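Chain order of the listed sequences is A and B.
Sequence positions in the first sequence follow the numbering used here and run 982 to 1270.
Sequence positions in the second sequence follow the numbering used here and run 8 to 201.
Glycine is no exception: its CB is placed at the ideal position from the N, C-alpha and C atoms.
Because the structure is a prediction, the values reported are computed rather than measured.
Structure first, commentary second.
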Amino acid sequence: MSLTTDQAALDQWYVLGAVSHFPFGTPVETGLLGEPVTVTRRDDGVTVIGAGRSLPVRTTYNHVWTSFGTPARDIFALPEATEPDRRWLYCGGVRVAASGLRLIENFLDLAHFPYVHTDILGSEEKPEVAKYEVEQRRDVDEIWATKCEFFQPKAAAASDGGQISQYMYRVVSPFNVMLYKTPPTAPNRWDVIALFVQPVDETHSIAHPFMLVIDPTSTDAEIIAFQQMIFLQDKIVLENQRPALLPLQPGRETPTRADLSSVLYRRWLKEKALTFGTEPRTDGVAAGA
Amino acid sequence: MSSDWTPIALSRDVPDGVTRAVCLEGSELVIWRGAGEAHVWEDRCPHRGMRLSLGFVRDGALNCLYHGWQYGASSSCVRIPAHPDLTVPPTIKANAYPTCEAGGLIWVGKEGAGALPALPATTTPVLSLAVATDGIEAQGLMRDLDGGRLHVFWHRVRPGKVMLHGVIEGSADVSRVAALMRQIRTQYEEGVAA
């Protein structure tokens, strides 16, 4: 395993974990894009070493971000991070034996709720995915899915009954995504749940869920346990998709109307000519073509 | 013995309503049984590549764990729960292989496979047993027993690993025959022809 040569993958910011999860003074070995990296947290900041050099570091949103390349943009804006009544929760890293792109696509998916998160995020009695809207916002280079609705028996840790949840999804870079969801306790606002994916290599990833939620009643442990339960259910599916790499070649998989966000996400990856974590194509079409 | 057909499991080990993952020459297959009939398909839902062996059998159909897509005995998708009113296009189907059952075994065939070879009409299943070898030449190794005969069939899981499937024709003590199959395994793993 060695550092990818995929320039589109190199020129991105990646999360290696929540800052608070790194011990002071003890270097932590991890991996990114096929290459070992070492993270060291000290009183005066965080350093990341990889491929024999010091890599750029940001600690935006209390996470350690780095890059091997030259990202075209700074880390995305998250206005909710300035709202004082939000709780910031770091759910820890979950290792998944799958392409990080598969993790993002699963995060964008509503249709699996009744089957993978049965009687929690969805019910077999109400599996329908209503029409929603997707768009590529070219000014910020993001993918959005809006007007998503789904019936959820237990939408969050603070739920005491079913609700029709409203969702918006926002893909800010190939390996970073978030959703906005109506909280049970504040129907006029949006909880933010982000999934920062650290692609260790093409078929191994570490998912770092991060939440900015409005929930004055649940304990941190309750909210984190809820999120971890959901993510471990997803892990079972993610590690049993074949191939582990995301196929971009038409005909390899079968999207329906419920998969519009996935269709747009894949088109966006192709436009970027990103190949890291994708299945090699056999139809002679080059990445980005 | 015709090489058009390969035995991949004992019929007994795939009861009604059950899925079973099997690896044949490195390919992942799912065996499932609904309404009494066994089916062998590629272990992959055409929607998102999910392994169908993690799915569930309901109403004689196989349902994918990921999104509940339902496949009937013909392997066509008959229901997409996210779109309850959709008539599913017939082009959406799982990849099914020719399947038959005979001699207490489930067999998968090549496309256009001929007839199965003659097998004992009535058998008693013994067990399936993994063997670390490549070196089994012929299907249908036989050992005469008191009151019956052991037939050993096999499929290759991947290079270096074979799965034996033993059935008894006639009557014999199954636990003693299982011990005999373990002896056969030892002989193969030590490189001695049985």
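C-beta neighbour in chain B for residue i, strict 7 Å
i, result
"glutamate 1109(A)", "yes"
"threonine 1256(A)", "no"
"valine 1158(A)", "no"
"glutamate 1234(A)", "yes"
"valine 1218(A)", "yes"
"histidine 1093(A)", "yes"
"tyrosine 1096(A)", "yes"
"alanine 989(A)", "no"
"alanine 1188(A)", "no"
"glutamine 1222(A)", "yes"
"phenylalanine 1239(A)", "For clarity, residue 1239(A) is alanine in the given sequence; the question names phenylalanine instead. Yes, alanine 1239(A) lies at the interface with chain B (some Cβ there is under 7 Å from its Cβ)."
"aspartate 1264(A)", "no"
Residue i vs residue j beta-carbon contact at 7 Å
i, j, result
"glycine 155(B)", "threonine 130(B)", "no"
"aspartate 23(B)", "glutamate 35(B)", "no"
"methionine 188(B)", "glycine 173(B)", "yes"
"leucine 1082(A)", "glycine 1258(A)", "yes"
"leucine 1013(A)", "threonine 985(A)", "no"
"isoleucine 1187(A)", "glycine 1074(A)", "yes"
"serine 10(B)", "glutamate 108(B)", "no"
"threonine 1159(A)", "arginine 1151(A)", "The question names threonine, but residue 1159(A) in the sequence shown is methionine. Yes, these two residues count as a Cβ contact at 7 Å."
"isoleucine 15(B)", "valine 115(B)", "yes"
"glycine 62(B)", "leucine 72(B)", "yes"
"histidine 54(B)", "tryptophan 76(B)", "yes"
"serine 82(B)", "alanine 101(B)", "yes"
"glutamine 1230(A)", "aspartate 1264(A)", "yes"
"valine 1000(A)", "leucine 1084(A)", "no"
"alanine 1126(A)", "serine 1242(A)", "yes"
"valine 64(B)", "tryptophan 48(B)", "no"
"leucine 1226(A)", "glutamate 1260(A)", "yes"
"threonine 1163(A)", "serine 1146(A)", "yes"
"aspartate 1196(A)", "alanine 1139(A)", "yes"
"threonine 1019(A)", "proline 1004(A)", "no"
"alanine 1254(A)", "alanine 990(A)", "no"
"alanine 120(B)", "proline 105(B)", "yes"
"leucine 123(B)", "tryptophan 12(B)", "yes"
Chain A within 7 Å of residue i, Cβ atoms only
i, result
"leucine 112(B)", "no"
"isoleucine 99(B)", "yes"
"methionine 57(B)", "yes"
"arginine 51(B)", "yes"
"histidine 162(B)", "no"
"proline 91(B)", "yes"
"glycine 24(B)", "no"
"tyrosine 73(B)", "yes"
"leucine 171(B)", "no"
"proline 88(B)", "yes"
"leucine 69(B)", "no"
"leucine 61(B)", "yes"
"alanine 201(B)", "With a pLDDT of only 43 at alanine 201(B), under 50, the local geometry of the prediction cannot be trusted, and no value is derived from it."
"histidine 46(B)", "no"
"histidine 158(B)", "no"
Rounded Cβ spacing between residue i and residue j (contact assumed at less than 8 Å)
i, j, result
"valine 1153(A)", "glutamate 1123(A)", "5 Å"
"valine 169(B)", "threonine 193(B)", "Actually they are not in contact, since the Cβ atoms of valine 169(B) and threonine 193(B) sit about 14 Å apart, beyond 8 Å."
"arginine 183(B)", "glutamate 32(B)", "The pair is not a contact, with the Cβ atoms about 32 Å apart (cut-off 8 Å)."
"alanine 1137(A)", "phenylalanine 1212(A)", "Wrong, their Cβ atoms sit about 14 Å apart, outside the cutoff."
"valine 133(B)", "tyrosine 195(B)", "That pair is no contact at about 16 Å."
"proline 960(A)", "glycine 998(A)", "Because chain A is modelled from 982 through 1270, residue 960(A) falls outside the range shown and cannot be assessed."
"tryptophan 1221(A)", "arginine 58(B)", "For clarity, residue 1221(A) is asparagine in the given sequence; the question names tryptophan instead. Yes, they are in contact, since the Cβ atoms of asparagine 1221(A) and arginine 58(B) sit about 4 Å apart, within 8 Å."
"leucine 208(B)", "leucine 171(B)", "Shown here, chain B extends from 8 to 201; a query on residue 208(B) therefore has no answer."
"valine 1038(A)", "threonine 1028(A)", "7 Å"
"valine 1077(A)", "lysine 1216(A)", "5 Å"
"glutamate 1234(A)", "glycine 56(B)", "6 Å"
For the stretch 1125-1139 of chain A against the stretch 1052-1063 of chain A, are there 3 or more C-beta pairs whose distance is under 8 Å?
For the pair of segments examined, the stretch 1125-1139 of chain A was found not to touch the stretch 1052-1063 of chain A: the number of CB pairs separated by less than 8 Å stays below three.
Are the stretch 1132-1152 of chain A and the stretch 1085-1101 of chain A touching by the rule of at least three beta carbon pairs closer than 8 Å?
With the rule of 3 Cβ pairs closer than 8 Å, the stretch 1132-1152 of chain A counts as touching the stretch 1085-1101 of chain A.
Beta strand (DSSP E) runs contained entirely in the stretch 1124-1160 of chain A, provided each spans 3 or more residues:
Segments of the beta strand (DSSP E) lying fully in the stretch 1124-1160 of chain A: 1144-1154.
Ignoring anything shorter than 4 residues, give me the alpha helix (DSSP H) runs that lie fully in the stretch 1181-1261 of chain A, in order along the chain.
The qualifying runs are 1201-1219, 1241-1253.
Inspect the CB distances between the stretch 1067-1086 of chain A and the stretch 1182-1193 of chain A and report whether three or more fall short of 8 Å.
Three or more beta-carbon pairs drawn from the stretch 1067-1086 of chain A and the stretch 1182-1193 of chain A are found closer than 8 Å, and the two stretches are therefore classed as touching.
Would you be able to state if there are at least three C-beta pairs under 8 Å between the stretch 72-91 of chain B and the stretch 1244-1255 of chain A?
Touching, no.
Could you tell me which uninterrupted beta strand (DSSP E) segments, each at least 3 residues in length, are contained entirely in the stretch 27-57 of chain B, listed from first to last along the chain?
Counting whole runs of 3 or more residues, the stretch 27-57 of chain B contains the beta strand (DSSP E) stretches 34-41, 44-49.
Can you list the beta strand (DSSP E) stretches of 3 or more residues lying completely in the stretch 127-166 of chain B, in chain order?
Runs of the beta strand (DSSP E) inside the stretch 127-166 of chain B: 130-138, 148-152, 155-165.
Check whether the stretch 1039-1047 of chain A touches the stretch 985-999 of chain A, counting contact only when three or more Cβ pairs, one atom from each stretch, lie closer than 8 Å.
Enough Cβ pairs lie closer than 8 Å, so yes.
Suppose only complete runs of 3+ residues qualify. What are the beta strand (DSSP E) ranges in the stretch 65-133 of chain B, listed by chain order?
Counting only runs of 3 or more, we get 68-70, 84-86, 106-109, 112-116.
Identify every run of the beta strand (DSSP E) within the stretch 1001-1080 of chain A, keeping only runs that are complete inside it and at least 3 residues long; order them along the chain.
Whole beta strand (DSSP E) segments, 3+ residues: 1009-1013, 1016-1023, 1026-1031, 1034-1036, 1044-1047, 1068-1071, 1075-1077.
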